[in-house]
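Right, one structure below, let's go through it.
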Amino acid sequence: MSGAAKLTTKDGRGIIIRDGKAADGVGIVNIYRTVGAEKIHITLEDYPFHEYTESRFIKALLKSGSYLAVAEHEKRIVGYCRLERHLAPKREHTAEIAMAILKDYRNIGIGTALTKAGIEWAKTTDLHKLHLSVFATNTAAIALYKKLAFVEEGRRKEQICIDGQYIDEILMGFYLRDKLTREQGNKE
Ligand SMILES: CC(C)(COP(=O)(O)OP(=O)(O)OC[C@H]1O[C@@H](n2cnc3c(N)ncnc32)[C@H](O)[C@@H]1OP(=O)(O)O)[C@@H](O)C(=O)NCCC(=O)NCCS
Numbered sequence: 000m001s002g003a004a005k006l007t008t009k010d011g012r013g014i015i016i017r018d019g020k021a022a023d024g025v026g027i028v029n030i031y032r033t034v035g036a037e038k039i040h041i042t043l044e045d046y047p048f049h050e051y052t053e054s055r056f057i058k059a060l061l062k063s064g065s066y067l068a069v070a071e072h073e074k075r076i077v078g079y080c081r082l083e084r085h086l087a088p089k090r091e092h093t094a095e096i097a098m099a100i101l102k103d104y105r106n107i108g109i110g111t112a113l114t115k116a117g118i119e120w121a122k123t124t125d126l127h128k129l130h131l132s133v134f135a136t137n138t139a140a141i142a143l144y145k146k147l148a149f150v151e152e153g154r155r156k157e158q159i160c161i162d163g164q165y166i167d168e169i170l171m172g173f174y175l176r177d178k179l180t181r182e183q184g185n186k187e
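In numbering that gives the first Met the number 0, the protein residues as written are 0 to 187.
This is the structure:
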């Protein structure tokens, strides 16, 4: 997407879904810290960087062809979806997705809206593929990605350990041009 859109959530809250910017670093660090402290969905538990460092990182990301969408409620960042384009030539047709929503704002459609915003933006670029990894126990995230046509591409067995329990890491991909378009492209 480009710009901003209003989302009325399943429980009636008015959320702004918009392009992210460097100043959103403060809100995003808060999300990393609170979601990390839950210790079940993402790898990082104690986010090591300061808000200022995060803002500089976002600035550099946006400058190098990556994208950030944020969800804002009452002037507070409650969720984000980042598409980080790889910079190495052999991977620069791909971007990795990272996303998190504050606990009180989950399951009301924000993650879906943010991911759709990311896909919409990616379709305006020369990116070919989006990818991500998700813990096999994260059923909500997997349901969301499958709903939006991400496909499972691999599984790293027992790659994650939470409280002594080994969990598989699932690799998923989303192809920005459908199969038919790709086949036609290969013939040209
Ligand atoms: C994963 C996450 C980003 C999803 O965002 P969200 O705003 O809650 O997602 P949505 O509400 O748009 O959609 C969630 C979907 O999962 C479904 N879902 C929720 N819990 C589920 C479960 N336990 N099993 C199966 N499906 C489930 C919901 O019904 C919904 O699908 P629907 O729209 O078809 O009804 C959010 O849960 C989150 O931030 N989790 C913590 C961080 C994280 O896991 N990040 C992703 C790492 S890959």
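All C-beta atoms in this analysis are idealised placements derived from N, C-alpha and C, irrespective of residue type, glycine included.
Residue 156 has its Cβ no nearer than 8 Å to any heavy atom of ligand 1. Set against 8 Å, the gap from the CB of residue 137 to the closest heavy atom of ligand 1 is smaller. A residue is called buried when at least 16 other Cβ atoms come within 10 angstroms of its Cβ; residue 63 does not meet this threshold and is exposed. Your pair residue 116 and residue 80 checks out as a contact, with CB atoms roughly 7 Å apart and the cut at 8 Å. Excluding its 5 nearest sequence neighbours in each direction, residue 21 has C-beta neighbours in its own chain below 6 Å: 54, 57 and 58, listed in chain order. Remark: the shortest separation between the CB of residue 99 and any heavy atom of ligand 1 falls under 8 Å.
Considering only 4, 5 and 9, the residue with the shortest C-alpha distance to residue 103 is 9. According to the DSSP secondary-structure assignment, residue 174 is paired through a beta bridge with 128. The C-beta distance from residue 176 to residue 127 rounds to 7 Å, short enough to fall under 8 Å.
Taking 3 residues as the shortest admissible run, the stretch 60 to 98 contains the following complete beta strand (DSSP E) segments, listed from N- to C-terminal end: 66 to 72 and 75 to 84. Nearest to residue 67 by alpha-carbon distance, out of 38, 119 and 138, is 119. Secondary-structure assignment with DSSP links residue 5 through a beta bridge to 15. Put simply, the backbone Cα of residue 170 is about 19 Å away from that of residue 121. A direct Cα-to-Cα measurement between residue 19 and residue 82 gives close to 11 Å. Secondary-structure assignment with DSSP links residue 164 through a beta bridge to 161. The DSSP-derived three-state label of residue 107 is coil. Around the beta carbon of residue 140, a 10 Å sphere encloses 16 or more other beta carbons of the protein chains shown; the residue is thus reported as buried.
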